[in-house]
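Novice: Can you read through this structure? Questions will come right after.
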């Protein structure tokens, strides 16, 4: 599970891979704004055609796309059902479609862009924060740690779940959450120490 | 070799009733190429090595590396003293192998091209060139420890402190770490419970209850440590 948690960089030489990280992040931002405004079913259909075309141009394996779609199902399906019940099928398609399209687009950016390239862009963009005493490198570090932490926490969750099963405890949210939080905090402590040792805090 | 001076250092954790003295008046000068540190759990050895690159500041006394004070000149000290921990997972910051190695070079004032060149060289030197774009969290335990070492060594420190780097590794990977350490130009300070790793070392310190109770050649020091453990 941890190994498939969020998409990571998938090396390649496609046009999408060669686009600058800044261009891709800006496109993602524009798409995010556009999809909060344009939510008619036909507009969502166009968005999906664009997203699928971008995946095709990036020459990414289909399994990477499918894996993301499957992972989104647990939230997309209930969300669709609620919108269908409380609003209309058009609203359901608009809300869920824009959400799924955006997540797939974000996945495409991550799959075709090195984290360091994204960090470089974030550090450049956050440069103006320096006048307020904010270190742009730290903002970039937060992005990198955020991406890395998803895998770490999922890995810890697997360990806790295995330990629960080994002791015959099943479906106990408290027995799962407490050790997961404790382990995550301990990991954060050790990571902080390692960052300090590498001079990242200097 | 760099000169590390530990002058009358004492250190405690906690306050009041929870206060625990972990180091007591430690006085040492470390100039040897390969220095081992052994001792039981809670003997103070991990606290001791954390003093050497300023991760912990001593309550009393002073630690210097080539005259640089670990409290006053912490930044410069950390550039000279690399540190590798027991759990490589806690040291990996970036999602992929090459990016994690390059990460340590971000604040070194190097151009992107220089960073890439040094990263490539480190990947080759530590046998990770085929894993450059591999997700770091999917590496084996041995490969993760190699990555942690590569990420520290790419910054070319003068001293490398290793705090039980083989504790989570099997024999094969422990031997690989040993071979790697053998080939380093750096002064190495190794905390370990794997006593065979200390063969050929220049000096071994035995810690007990916050004090250095033996300081000498590996064979005698290991014998002294075994005696201590059997008491």
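Chains as they are written, first to last, in full-length UniProt numbering: chain A, 1 to 202; chain B, 1 to 231.
A virtual CB, placed ideally from N, CA and C, is assigned to each residue, including glycine.
Along the chain, where does the alpha helix (DSSP H) containing residue 23 of chain B start, and where does it finish?
Specialist: No alpha helix (DSSP H) holds residue 23 of chain B; the beta strand (DSSP E) holding it covers 20-30.
Novice: Counting beta carbon pairs with one atom in the stretch 158-165 of chain B and one in the stretch 108-118 of chain B, are three or more of them shorter than 8 Å?
Specialist: No, the stretch 108-118 of chain B does not touch the stretch 158-165 of chain B.
Novice: Could you tell me whether the stretch 84-104 of chain B touches the stretch 53-63 of chain B, using the rule of 3 or more Cβ pairs below 8 Å?
Specialist: Short answer: they don't touch.
Novice: Roughly how many angstroms lie between the CA atoms of residue 150 of chain A and residue 225 of chain B, to the nearest whole one?
Specialist: Between residue 150 of chain A and residue 225 of chain B, the C-alpha separation is close to 42 Å.
Novice: Look at the alpha carbon of residue 37 of chain A and the alpha carbon of residue 26 of chain A, and state the distance between them as a whole number of angstroms.
Specialist: Approximately 17 Å, taken between the alpha carbons.
Novice: Within 10 angstroms of its Cβ, does residue 165 of chain A collect 16 or more other Cβ (buried), or is it exposed?
Specialist: Counting Cβ neighbours within 10 Å, residue 165 of chain A comes out exposed, since fewer than 16 surround it.
Novice: Could you check if residue 61 of chain A is buried or exposed, using at least 16 other CB atoms within 10 Å of its CB as the buried criterion?
Specialist: Exposed is the call here.
Novice: Which chain B residues sit within Cβ distance under 7 Å of residue 193 of chain A?
Specialist: Ordered by position in chain B, the residues that pass the 7 Å Cβ test against residue 193 of chain A are 55.
Novice: Which chain A residues are close to residue 135 of chain B, counting only those with a beta carbon under 9 Å from its beta carbon?
Specialist: Per Cβ cutoff of 9 Å: 3, 8, 9 and 151.
Novice: Looking at C-alpha atoms only, which residue of B:41, B:39 and B:10 is the closest neighbour of residue 27 of chain B?
Specialist: Residue 27 of chain B has its Cα closest to that of B:10, out of B:41, B:39 and B:10.
Novice: Anyone know if the C-beta pair for residue 169 of chain B and residue 142 of chain B falls short of 8 Å?
Specialist: Closer than 8 Å, so yes.
Novice: Rounded to the nearest angstrom, what separates residue 46 of chain B and residue 137 of chain B at their Cα positions?
Specialist: Cα-Cα distance, rounded: 26 Å.
Novice: Let me know the alpha helix (DSSP H) ranges lying completely inside the stretch 107-157 of chain B, each 4 residues or longer, listed in chain order.
Specialist: As far as the stretch 107-157 of chain B is concerned, its whole alpha helix (DSSP H) runs of at least 4 residues are 112-125 and 141-153.
Novice: Under 8 Å, Cβ to Cβ, is there at least one residue of chain A near residue 141 of chain B?
Specialist: No, because no Cβ of chain A sits closer than 8 Å to the Cβ of residue 141 of chain B.
Novice: Do residue 3 of chain B and residue 116 of chain A have their beta-carbon atoms positioned less than 8 Å apart in this structure?
Specialist: No, they are not a contact pair.
Novice: Residues of the stretch 87-121 of chain A in Cβ contact with chain B at a cutoff of 7 Å, in chain order, please.
Specialist: If the cut-off is 7 Å between Cβ atoms, the stretch 87-121 of chain A has 114, 115 and 116 near chain B.
Novice: Just the C-alpha distance for residue 137 of chain A and residue 193 of chain A, rounded to the nearest angstrom, thanks.
Specialist: Near 18 Å, if we compare the C-alpha coordinates of residue 193 of chain A and residue 137 of chain A.
Novice: So for residue 149 of chain A, helix, strand or coil by DSSP?
Specialist: In this structure, residue 149 of chain A counts as helix in the three-state DSSP scheme.
Novice: Note down, in chain order, all residues in the stretch 94-110 of chain B with a beta-carbon under 8 Å from any beta-carbon belonging to chain A.
Specialist: Going along the stretch 94-110 of chain B in chain order, one finds 94, 95, 96, 99, 102, 103, 104, 106 and 107 with a Cβ nearer than 8 Å to chain A.
Novice: So residue 145 of chain A contacts chain B; which residues on that side make the cut at Cβ distance below 8 Å?
Specialist: By Cβ distance, chain B contributes 93.
Novice: Give the secondary structure of residue 1 of chain A by DSSP, where H, G and I count as helix, E and B as strand, and everything else as coil.
Specialist: Low local confidence applies: a pLDDT of 44 at residue 1 of chain A is under 50, so the model's placement there is unreliable, and no value is given.
Novice: Hey, does residue 182 of chain B have any beta-carbon neighbour from chain A nearer than 8 Å?
Specialist: Taking Cβ atoms only, chain A never reaches closer than 8 Å to residue 182 of chain B, which makes this a no.
Novice: Given this structure, state the Cα-to-Cα distance separating residue 66 of chain A from residue 21 of chain A, to the nearest angstrom.
Specialist: Going from the Cα of residue 66 of chain A to the Cα of residue 21 of chain A covers about 24 Å.
Novice: If we count the other Cβ atoms within 10 Å of its Cβ and call it buried at 16 or more, is residue 86 of chain A buried or exposed?
Specialist: Classification of residue 86 of chain A: exposed, given that the 10 Å Cβ count is below 16.
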